[in-house]
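Some notes on the structure that comes next.
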Amino acid sequence: MVKINKRLCAGCGNCVEACPFGVLQIKDGKAVVVEPEKCQKCGACMSACPNNAIKMEG
Ligand code: SF4
Ligand code: SF4
Numbered sequence: 037m038v039k040i041n042k043r044l045c046a047g048c049g050n051c052v053e054a055c056p057f058g059v060l061q062i063k064d065g066k067a068v069v070v071e072p073e074k075c076q077k078c079g080a081c082m083s084a085c086p087n088n089a090i091k092m093e094g
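Residue numbers (our numbering): 37 to 94.
Encoded structure:
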């Protein structure tokens, strides 16, 4: 699943918009994984992130 580096995340919301499966949300100004089981590992969120704050793990 995807992992957000909170230190790099600027809370822009690009990844939330990019994810077709509603996996991510912004909470307290940072992206968080709210529906990890829905992630299809498509990589769209990673491509959309301007700060390279999203990595794939596992
Ligand atoms: S890899 Fe794809 S499905 Fe998973 S969180 Fe990112 S955009 Fe959503
Ligand atoms: S696109 Fe990157 S910087 Fe923007 S909210 Fe998502 S993880 Fe954070």
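Yeah, the Cβ is synthetic: ideal placement off N, Cα and C, and Gly gets one too.
Note that this is a predicted model, so its numbers are computed, not measured.
Between E71 and K91, the alpha-carbon positions lie close to 16 Å from each other. Beta-bridge partners assigned by DSSP to M92: V38. The closest CA to that of C75, considering only E93, A89, D64, G47, is found on E93. A direct Cα-Cα distance of roughly 10 Å separates C78 from V38. Taking the Cβ atoms as the reference, C48 lies roughly 15 Å from A80, outside the contact range of under 8 Å.
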